[in-house]
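Student: I'd like to ask you about the structure that follows.
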Amino acid sequence: MKSTVMRSKLTGSLEMGSLVMEPMVMGSIMTDKITRVLHVITTLDRGGAETFLTRLLKRMDRTAFPSAVICLSDGGVLAQNIRQMGIPLLMAGIRKGRTSSSPVSSASSSSPSSPDFNTSPASAYSASCTDIFSPVSGLLRMILFAGRFKPHVIQTWMYHADLAGTLLASTLSPLKKGPALAWNIRQSSLEPSVNSSSSLYAARICSALSSLCPDAIISCSGIGAMNHARFGYDSSKMILLSNGFDCGEFNSHNQNRRKVRAELGLSQHDFVMGFLARWDPNKDHHTLLQAMAKLMKKVVHENAAEQNLVKAEPTPGTAVQTPGTAVHTPKLVLAGRGMNSSNIVLTKMLQQTGTLENVILLDEVASPASILDAMDCYVSSSRFEGFPNSLGEAMTASLPCIATQAGDSALLLGETGICLPPSDPERLSAAMHRIFSMSGEKRRIMGSSARRRILDCFSMKRVAATYSTVYADLAWRARARGWTGD
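In case it helps, full-length UniProt numbering puts the sequence shown at residues 1 to 486.
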């Protein structure tokens, strides 16, 4: 059976910030052929690209699209997730990875038992290593691993993996005669303030190779595609594929609310807001804490005014509060790598804004779904974003959401939440107060509309189907030029 997949071509005036998506037929797809996809990723620490890859692997049809993964680093908390799926995994050890743990365990799910890789058909080429290998040794291991897997498509994730995957593809066969190569852009900005010097160096090399080496360049965000085209990437090869969200993973917002709140020391009556983001200037926690301080002051004044009114007019029932408009003290949960009391700059920021007693720091958490269960509202204060995973997760969890106009946040949020300019604590505080003052019913309606938007437009099932179509087309192109993978 044959079908076609539409590829998006970047056209228009990039200088004016416009982005026009022009449909372009990529080619015919032989849907009855098996397509082996080898993913190459820089790390398997908990991050946007890494988390999305694990979700994609979980949703892909493994019969039609057998997958394997090469990680350039020597470790990562998500490596076990991939192993538990029975997917071959090589830790090449070229780059040193981080290790992390969560102060709050998942309150909603238990991990499946690990499969026996000794009896798995994949055991012949499944490998892992925790030692640090030299780049040469790591590359040799990658070549051996890929040679045994025989991929039709090599999908790389992030700049260093793009370069490593390009080199790997060239060792399997002469350029443009071997497996199809697809890069995956996960960054929206190429500003030096946002990226490490090594990442920028790798991106510059990629931009120079972009017209020659990859068959496709996938971007998860429109702003990311536009900025990389400005940087010199070949825009004719770009395909926009948004991230997706597992609606089953974030199925019930209230299911574990009481348990998680108890673990965090929160009252069942507290109004809890949250932001799941690593410690990074681009996440702009400072603006969020300034907004939180303003909200706290406003709530204190409202509480005092209401108490004075009750004393002046002790009418029966005056002190009874309607659902969602309670005068409870607002709380803010901040979770992500580096969000802990050992962060001296963050601690000082909390003290200066007077929010220390109202903010809970959780560092990196193993289960975002369990933390979202404890929240009444989600707030993203980012100055720069690509395609914001944590915002999408909060929407999937049926939370009313506030986000800044960073990256594709407005596109993701649509008309379901509040979107405002970044770095504006006054407006952010006003938006937070607006949600705080809503009735519980209005917040539920707002959260339900957010989840419906995810289900309709950004479900992981829909996104995995789109990736499958792209991979099938790329494999068809690899076969058309003589690469069978056999």
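Beta carbons: idealized from backbone N, C-alpha and C, even for Gly. Here the structure is a predicted model, which is why all the values come from computation and not from measurement.
#1: Which whole-angstrom value is the C-beta distance of Asp408 and Ser211, which I expect to be below 8 Å?
#2: Mapping the DSSP letters down to three states, classify His152 as helix, strand or coil.
#3: Assign Glu385 to one of two classes, buried (16 or more other C-beta atoms within 10 Å of its C-beta) or exposed (fewer than that).
#4: Threshold first: 3 residues or longer. Then list the beta strand (DSSP E) segments lying entirely within the stretch 260–307, N to C.
#5: So Ala406 is in the beta strand (DSSP E); what residue range does that whole segment cover?
#6: Mark Thr54 as exposed unless 16 or more other C-beta atoms lie within 10 angstroms of its C-beta, in which case mark it buried.
#7: Among the residues of its own chain, which have a CB less than 7 Å from the CB of Ser242, if the five just before and after it don't count?
#8: Tell me the residue span of the alpha helix (DSSP H) that contains Asp162.
#9: Assuming Lys237 and Ala216 are in contact, meaning their beta carbons sit under 8 Å apart, how far apart are those beta carbons, in whole angstroms?
#10: Say whether the stretch 441–453 touches the stretch 411–422, bearing in mind that this needs 3 or more beta-carbon pairs closer than 8 Å, one atom from each stretch.
#11: Count the other C-beta atoms from every protein chain shown that fall within 10 angstroms of the C-beta of Lys297, then say buried if there are 16 or more, exposed otherwise.
#12: Who pairs with Ile94 in a beta bridge, going by DSSP?
#13: Which one of Tyr378, Ile34, Glu249 and Thr353 has the shortest CA to CA distance from Phe271?
#14: Express the C-alpha separation of Thr35 and Ser398 in angstroms, rounding to a whole number.
#15: Under 7 Å between the Cβ atoms of Met158 and Thr42?
#16: In chain order, what are the residue ranges of uninterrupted beta strand (DSSP E) at least 3 long that sit wholly in the stretch 177–205?
#17: Leaving out five residues on either side along the sequence, give the residues of the same chain with a beta carbon under 8 Å from the beta carbon of Gly138.
#18: Spatial neighbours of Pro151 within its chain, please: C-beta separation below 7 Å, excluding the five flanking residues on both sides.
#19: Throw me the rounded Cβ distance for the Ile82 and Leu89 pair, which I believe falls under 8 Å.
#20: Give the DSSP-derived three-state secondary structure of Tyr378 in the structure shown.
#21: Grouping DSSP H, G and I as helix and E and B as strand, with all else coil, what is Phe436?
#22: So Val359 and Leu334 are supposed to be a Cβ contact under 8 Å. How far apart are they, rounded?
#23: Please name the residue or residues paired with Lys237 in a DSSP beta bridge.
#24: May I ask you to verify whether the stretch 54–68 touches the stretch 464–483, counting CB pairs closer than 8 Å and requiring at least 3?
#25: Taking the beta carbon of His301 as the centre, do at least 16 other beta carbons fall within 10 Å, making it buried, or is it exposed?
#26: I need the DSSP call for Asp456, collapsed to helix, strand or coil.
#27: Does the distance from the C-beta atom of Met432 to that of Leu295 stay below 7 Å?
#28: Could you tell me which residues DSSP puts in a beta bridge with Val77?
#29: How about Asn340 and Asp373: are their beta carbons less than 7 Å apart?
#30: Which two residues bound the contiguous alpha helix (DSSP H) that contains Val345?
#31: Since Met375 contacts Met273 with CB under 8 Å, what's their CB separation in whole angstroms?
#32: Go through the stretch 209–235 residue by residue and report every complete run of the alpha helix (DSSP H) that reaches 4 residues or more, in order.
#33: Using the rule of at least 16 other Cβ atoms within 10 Å of the residue's Cβ for burial, across every protein chain shown, is Ser342 buried or exposed?
#34: For the beta strand (DSSP E) containing Ala335, name the first residue and the last one.
#35: Compare the Cα-Cα distances from Asp162 to each of Ile218, Leu240 and Arg477 and report the closest residue.
#36: In the structure shown, what three-state DSSP assignment does Val37 receive?
Tutor: From the atom records:
#1: Position 408 of the sequence shown, counting from 1, holds the residue named residue 408. Position 211 of the sequence shown, counting from 1, holds the residue named residue 211. With a Cβ gap of about 25 Å, Asp408 and Ser211 do not count as contacting.
#2: Against the sequence shown, residue 152 aligns to sequence position 152. Of the three classes helix, strand and coil, the one that applies to His152 here is coil, per DSSP.
#3: For the purposes of this step, residue 385 is taken as residue 385 along the sequence shown, with counting starting at 1. Buried is the call here.
#4: 271–276
#5: Taking the first residue of the sequence shown as 1, we reach residue 406 at position 406. Ala406 -> no beta strand (DSSP E), and no H or E assigned at all.
#6: As a first step, residue 54 must be located in the sequence shown, where it is residue number 54. Result: buried.
#7: As a working note, residue 242 is residue 242 in the sequence shown. Excluding residues within five positions, the ones whose Cβ falls inside 7 Å are Cys220, Phe387, Phe458 and Val463.
#8: To locate residue 162, count along the sequence shown from 1; it is residue 162. It spans Tyr159 to Leu172 - the alpha helix (DSSP H) in which Asp162 sits, taken as one unbroken run.
#9: Position 237 of the sequence shown, counting from 1, holds the residue named residue 237. Position 216 of the sequence shown, counting from 1, holds the residue named residue 216. About 6 Å separates the two Cβ atoms, so the contact holds.
#10: yes
#11: On the sequence shown, residue 297 is found 297 positions in, with the first residue counted as 1. With fewer than 16 Cβ atoms within 10 Å of its Cβ, Lys297 is classed as exposed.
#12: What you label residue 94 is simply residue 94 of the sequence shown in a count that begins at 1. Its beta-bridge partners do not exist; DSSP assigns none.
#13: Against the sequence shown, residue 271 aligns to sequence position 271. Ranking the options by Cα distance to Phe271, first place goes to Tyr378.
#14: Residue 398 sits at position 398 when you count from the first residue of the sequence shown. Residue 35 sits at position 35 when you count from the first residue of the sequence shown. When rounded, the distance between both Cα atoms is 36 Å.
#15: Reading the sequence shown from its first residue, position 158 is the one you call residue 158. Reading the sequence shown from its first residue, position 42 is the one you call residue 42. A contact, by the Cβ cut-off of 7 Å.
#16: Taking only runs of at least 3 residues, the beta strand (DSSP E) segments lying wholly in the stretch 177–205 are 180–185.
#17: The count along the sequence shown starts at 1 and reaches residue 138 at position 138. Within the same chain, Leu72, Ala92, Gly93 and Ile94 come within 8 Å of Gly138 by CB-CB distance, once the 5 residues on both sides are set aside.
#18: Taking the sequence shown and counting its residues from 1, one reaches residue 151 at position 151. Closer than 7 Å at Cβ, skipping near neighbours: Arg36, Val37, Leu38, Pro179 and Gly485.
#19: Start at 1 with the first residue of the sequence shown, and residue 82 comes out as number 82. Start at 1 with the first residue of the sequence shown, and residue 89 comes out as number 89. Contact holds; Cβ gap of about 5 Å.
#20: Sequence index remark: in the sequence shown, residue 378 carries index 378 (1-based). DSSP places Tyr378 in strand when its eight states are reduced to three.
#21: For the purposes of this step, residue 436 is taken as residue 436 along the sequence shown, with counting starting at 1. DSSP places Phe436 in helix when its eight states are reduced to three.
#22: Here residue 359 refers to the residue found at position 359 when the sequence shown is read from its first residue. Here residue 334 refers to the residue found at position 334 when the sequence shown is read from its first residue. Going by Cβ atoms, the distance from Val359 to Leu334 rounds to 6 Å, so yes, they are a contact pair.
#23: Translated into the one-based positions of the sequence shown, residue 237 becomes position 237. Lys237 is not bridged to any residue.
#24: yes
#25: Taking the first residue of the sequence shown as position 1, residue 301 is located at position 301. His301 comes out exposed.
#26: By one-based count along the sequence shown, residue 456 stands at place 456. Of the three classes helix, strand and coil, the one that applies to Asp456 here is helix, per DSSP.
#27: Residue 432 sits at position 432 when you count from the first residue of the sequence shown. Residue 295 sits at position 295 when you count from the first residue of the sequence shown. A contact, by the Cβ cut-off of 7 Å.
#28: Position 77 of the sequence shown holds residue 77. DSSP, once it has assigned bridges, lists no residue as partnering Val77.
#29: Position 340 of the sequence shown, counting from 1, holds the residue named residue 340. Position 373 of the sequence shown, counting from 1, holds the residue named residue 373. Not closer than 7 Å, so no.
#30: Start at 1 with the first residue of the sequence shown, and residue 345 comes out as number 345. Ile344 to Thr353 is the span of the alpha helix (DSSP H), which, as asked, contains Val345.
#31: Along the sequence shown, read from residue 1 onward, the residue named residue 375 stands at position 375. Along the sequence shown, read from residue 1 onward, the residue named residue 273 stands at position 273. Yes, they are in contact, since the Cβ atoms of Met375 and Met273 sit about 7 Å apart, within 8 Å.
#32: 222–231
#33: Working through the sequence shown from its first residue, we reach residue 342 at position 342. Classification for Ser342: exposed.
#34: Within the sequence shown, numbered from 1, the residue matching residue 335 stands at position 335. Segment Pro330 to Ala335, the beta strand (DSSP E) holding Ala335.
#35: Within the sequence shown, the letter at position 162 stands for residue 162. Comparing Cα positions, the closest option is Ile218.
#36: Position 37 of the sequence shown, counted from the start, is the residue given in the question as residue 37. Strand, per DSSP.
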